[in-house]
Every structure is written in C-alpha cells, then in structure tokens.
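With our numbering applied, the sequence shown covers 154 to 220.
Since the structure comes first, as structure tokens, the remarks are kept for the end.
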Amino acid sequence: MIESSIEKKSEQVSYLTLKNPTEKDRLVSVWVDGGLITLTMISSKSEKQILLGTIHENAQIVIKEQQ
Numbered sequence: 154m155i156e157s158s159i160e161k162k163s164e165q166v167s168y169l170t171l172k173n174p175t176e177k178d179r180l181v182s183v184w185v186d187g188g189l190i191t192l193t194m195i196s197s198k199s200e201k202q203i204l205l206g207t208i209h210e211n212a213q214i215v216i217k218e219q220q
C-alpha cells in the first residue's frame with residue numbers, strides 16, 4: 154500500500170510525497186479536485202516527491218493505485 158504525505162501551503166507551491174514500502178513497483182495516479190495531475194511509477198522500497206503546484210487550501214487530493 155502506498156503511503157502519502159502532503160506539504161500544502163495556501164497560495165504557495167505544494168508537494169506530495171509518496172512512499173512505497175512494498176516489494177513491488179506501483180503505478181499511481183494523483184488527482185486534484187477531480188483532475189488528473191500525474192501518473193507515475195514508484196519503485197519498491199522508495200519514495201517520490203510530486204510537485205502539485207499552487208493549489209487552494211481545501212483542495213481534494215486523491216491517490217489511486219493502478220491495477
């Protein structure tokens with residue numbers, strides 16, 4: 154299962170950190186307010202930082218593992 158943490162700053166650039174503690178590579182999509190931001194592969198036992206850009210304070214962020 155992918156773990157995530159968001160460094161969200163209102164009116165500033167925000168970052169999303171994704172961690173993959175599993176033994177398998179994972180394909181993950183990141184959605185902000187219903188729009189696809191990125192589709193990325195996270196290698197096993199690694200983490201990746203995604204630039205979200207400027208988002209509003211109450212933005213809905215969804216991370217989906219792809220099959």
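In this text, a Cβ means the ideal position worked out from N, Cα and C, and glycines have one as well.
- At least 8 Å separates the beta-carbon of residue 173 from that of residue 159.
- By the C-beta density criterion, residue 171 is buried, having at least 16 other C-beta atoms within 10 angstroms.
- By alpha-carbon distance to residue 219, the top candidate from 206, 202, 157 and 178 is 178.
- Around the beta carbon of residue 181, 16 or more other beta carbons lie within 10 angstroms, which makes this residue buried.
- Between residue 185 and residue 216, the beta carbon gap of about 10 Å keeps them out of contact (Cβ cut-off 8 Å).
- Membership of residue 194 in the beta strand (DSSP E) is indicated by the continuous run 188 to 195.
- In the structure shown, residue 211 adopts coil according to DSSP, grouped into three states.
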